[in-house]
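Novice:
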């Protein structure tokens, strides 16, 4: 699932047609997703922990298709913030459980 998510985001970056931007996106996302993959393995997570994020990804596609760049930007920013908060909460919960 993580690999598919990375491909999704790289594809979005590629679709913009800006080679420099795509290069920057790739430079940031590949290590980020490697880190996420390590955390997922370390915490023995399953794909179920991230199911709610699938809907957010679908919403990002819908916003981009609507053609309003400001709405798309807002939606993507909100999704990234929600992912970060969820990831932190999930990993913190696992860490707390492992300490018990």
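Residue numbers (the working numbering): 1027 to 1126.
The beta carbon of each residue, even a glycine, is placed where N, CA and C say it ideally should be.
1. Would you decide whether residue 1089 is buried or exposed? Buried here means 16 or more other CB atoms lie within 10 Å of its CB.
2. Are residue 1105 and residue 1086 close, meaning C-beta to C-beta below 7 Å?
3. DSSP three-state label for residue 1039, please.
4. When you compare only the Cα positions, how much space is there between residue 1047 and residue 1039?
5. If you count every other CB in all the chains shown that lies within 10 Å of the CB of residue 1101, and 16 or more means buried, which is it?
6. Rounded to a whole number of angstroms, what is the C-alpha to C-alpha distance between residue 1027 and residue 1056?
7. Cα-Cα, which of 1032, 1069 and 1037 is closest to residue 1058?
Specialist: For this structure:
1. Residue mapping note: residue 1089 aligns to position 63 of the chain shown, counting from 1. By the 10 Å Cβ count, residue 1089 comes out buried.
2. For the purposes of this step, residue 1105 is taken as residue 79 along the chain shown, with counting starting at 1. For the purposes of this step, residue 1086 is taken as residue 60 along the chain shown, with counting starting at 1. Against a cut-off of 7 Å, the Cβ pair of residue 1086 and residue 1105 comes out as a contact.
3. For this step, residue 1039 is matched to residue 13 along the chain shown. Residue 1039: helix per DSSP, three-state reduction.
4. In the chain shown, the residue the question calls residue 1047 occupies position 21. In the chain shown, the residue the question calls residue 1039 occupies position 13. If you take the alpha carbons of residue 1047 and residue 1039, they lie about 7 Å apart.
5. By 1-based counting over the chain shown, the position of residue 1101 is 75. The residue is buried, with at least 16 neighbouring Cβ atoms inside 10 Å.
6. Within the chain shown, residue 1027 is the residue found at index 1, counting from 1. Within the chain shown, residue 1056 is the residue found at index 30, counting from 1. C-alpha separation (whole angstroms): 14 Å.
7. Mapped onto the chain shown, residue 1058 falls at position 32. The option with the nearest alpha carbon to residue 1058 is 1032.
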